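Quick note on the UniProt record's numbering: the sequence shown kicks off at 1 and runs consecutively.
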Amino acid sequence: MAGLFKMDTFNTYMIRKAEADDAETVIGILRDAAEWLVNRGIHQWDFYLTEEAASEIREAIKAGTTYLVTDNTQPVATFNLSQLQNDLDVSIWGNRHDDALYLHRLAVNINYRRQKIGKQLLEWIMENSPADCEVLRLDCVADNPGLNQFYIDAGFIFSGHADAMAIQFSRYEKPLHV
């Protein structure tokens, strides 16, 4: 795979950069995840139910930071990964100039949930990230205890809280290549 990762597969799944034709698929996975959260009283992804979010997702696809995981032709998961901080990263982590990867929008298709794909995908990202990157960083809303525990269980180190956009976020990071 030309680009960020050493390999383009894990288990039987293919990982590739999302293309413009994939936008509705990516938006659909994220909207399904947002609706699933809302039905559980968690509002961290309400934004992904808006048209503004759909536009932002299309822009991220154009920028080449959105990835799609597929099983043959079936969409399994999506995530965003970049070596460059976006505006939210800067507001949460401060303006950093180190060799980090920033992970956002990791979501598994509703038809593939409860198979530990999210955890496996995190491990795959850790193992296949570029050698020049030193740490993987991610954030989530502080008031989602299940997701915060998920990242701790996956071996991420809690790096404190940060307030951005009137929301308190939990910061997590994990050294790469150790």
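C-beta: ideal position from N, C-alpha, C; glycine also. Since we're looking at a predicted model, the values are computed, not measured.
- Contact check for I57 against A20 fails: the beta carbons are separated by 8 Å or more.
- Taking every protein chain shown into account, the CB of A100 has 16 or more other CB atoms within 10 angstroms, so this residue is buried.
- Within the same chain, N128 come within 6 Å of M7 by CB-CB distance, once the 5 residues on both sides are set aside.
- Assigned with DSSP and collapsed to three states, S91 falls in helix.
- Judged by DSSP secondary structure, N148 falls within the alpha helix (DSSP H) whose first and last residues are P145 to D153.
- DSSP places G28 inside the alpha helix (DSSP H), whose first and last residues are A23 to V38.
- Excluding residues up to 5 positions away in sequence, L4 lie with their Cβ nearer than 7 Å to the Cβ of P130 in the same chain.
- If you draw a straight line from the Cα of F47 to the Cα of T12, it is about 32 Å long.
- For K174, the three-state secondary structure derived from DSSP is strand.
- It is roughly 21 Å from the alpha-carbon of L37 to the alpha-carbon of H161.
- Per DSSP, Q120 lies in no beta strand (DSSP E); the unbroken alpha helix (DSSP H) holding it starts and ends at I117 to N128.
- Assignment of L68 by DSSP, reduced to helix, strand and coil, places it in the strand class.
- Taking the C-beta atoms as reference points, L121 is found nearer than 8 Å to V69.
- Between the alpha carbons of Q115 and V76 lies a distance of about 11 Å.
- The residue among I27, Q74, E173 and I110 with its C-alpha nearest the C-alpha of I92 is E173.
- Beta bridge pairing from DSSP links S82 with Y102.
- Put simply, the backbone Cα of D153 is about 15 Å away from that of S170.
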